[in-house]
Amino acid sequence: MKLLRRPCSQSLLFSFLNAYALILFLFLLLPLAASADVRQRDWAGNWLVVSEGDAQLVWQLNADGTGFAYGFQESGRLSHGFAINWKLVGDRVRVRTGARLRCAGGKVAVAFTGWSPVTLNFAIVDGRHWLQDGGKLLSFQRRLETWETPRAGGECPNLTS
85 MKLLRRPCSQ
95 SLLFSFLNAY
105 ALILFLFLLL
115 PLAASADVRQ
125 RDWAGNWLVV
135 SEGDAQLVWQ
145 LNADGTGFAY
155 GFQESGRLSH
165 GFAINWKLVG
175 DRVRVRTGAR
185 LRCAGGKVAV
195 AFTGWSPVTL
205 NFAIVDGRHW
215 LQDGGKLLSF
225 QRRLETWETP
235 RAGGECPNLT
245 S
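So in the working numbering, spot 50 of the sequence shown is number 134, and the numbers just go up one at a time.
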């Protein structure tokens with residue numbers, strides 16, 4: 085009973101130091117997580133992208149890490165696309181693909197077969213260039229303010245019109 089009335093000063097000091105260390109850790113860690121979130125928001129948007137070996141691409145990047153990547157023929161007509169998950173990790177971007185889109189009979193067709201087990205890794209070279217592991221360079225040309233997400237069953241978009 086005597087121990088219940090008078091707490092040990094060592095255990096009180098130890099619990100105070102633990103709480104202080106936890107608060108300090110969170111104080112230092114949260115700004116780092118927030119800065120990654122801010123950087124991801126900076127990349128969010130609809131982009132016209134040029135890539136080696138592809139005519140034209142549109143990357144639709146949402147700040148929450150979701151999005152789409154669309155490929156277009158030289159004529160400007162949608163040829164294919166993928167749902168993507170993307171995440172900034174330091175100066176790298178990790179991308180996984182999911183649902184596949186294609187143009188069939190002038191209409192958008194969508195098939196979801198699950199997320200790809202392969203993660204594509206890109207190094208951010210500068211403000212507008214991502215270099216894929218293996219050497220393929222993505223060049224973000226400009227933002228597309230009027231881009232609308234193609235919907236399943238809707239008409240296939242054309243970049244030239």
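No residue lacks a Cβ here, since even glycine has one placed at the ideal position from N, Cα and C.
Does the Cβ of residue i have 16 or more other Cβ atoms within 10 Å, making it buried, or fewer, making it exposed?
i, result
"A153", "buried"
"G165", "buried"
"V133", "buried"
Is residue j closer than 9 Å to residue i when the C-beta atoms are compared?
i, j, result
"T197", "A183", "yes"
"L145", "G129", "yes"
"P241", "R186", "no"
"V192", "E158", "no"
"A147", "R125", "yes"
"S200", "R180", "yes"
"S223", "S135", "yes"
The beta strand (DSSP E) spanning residue i covers which residue range?
i, result
"W214", "H213 to Q216"
"G129", "G129 to S135"
"Q144", "Q140 to L145"
"R227", "L221 to R227"
"A193", "K191 to A195"
"N205", "L204 to D210"
"A153", "T150 to F156"
Can you name the residues that DSSP bridges to residue i?
i, result
"K171", "R178"
"A188", "K191"
"G165", "Y154 and L185"
Contact check, residue i vs residue j under 8 Å by CB: the rounded distance?
i, j, result
"G190", "W170", "Contact flag wrong, Cβ pair sits at about 29 Å."
"R212", "L172", "Not a contact, Cβ separation roughly 15 Å."
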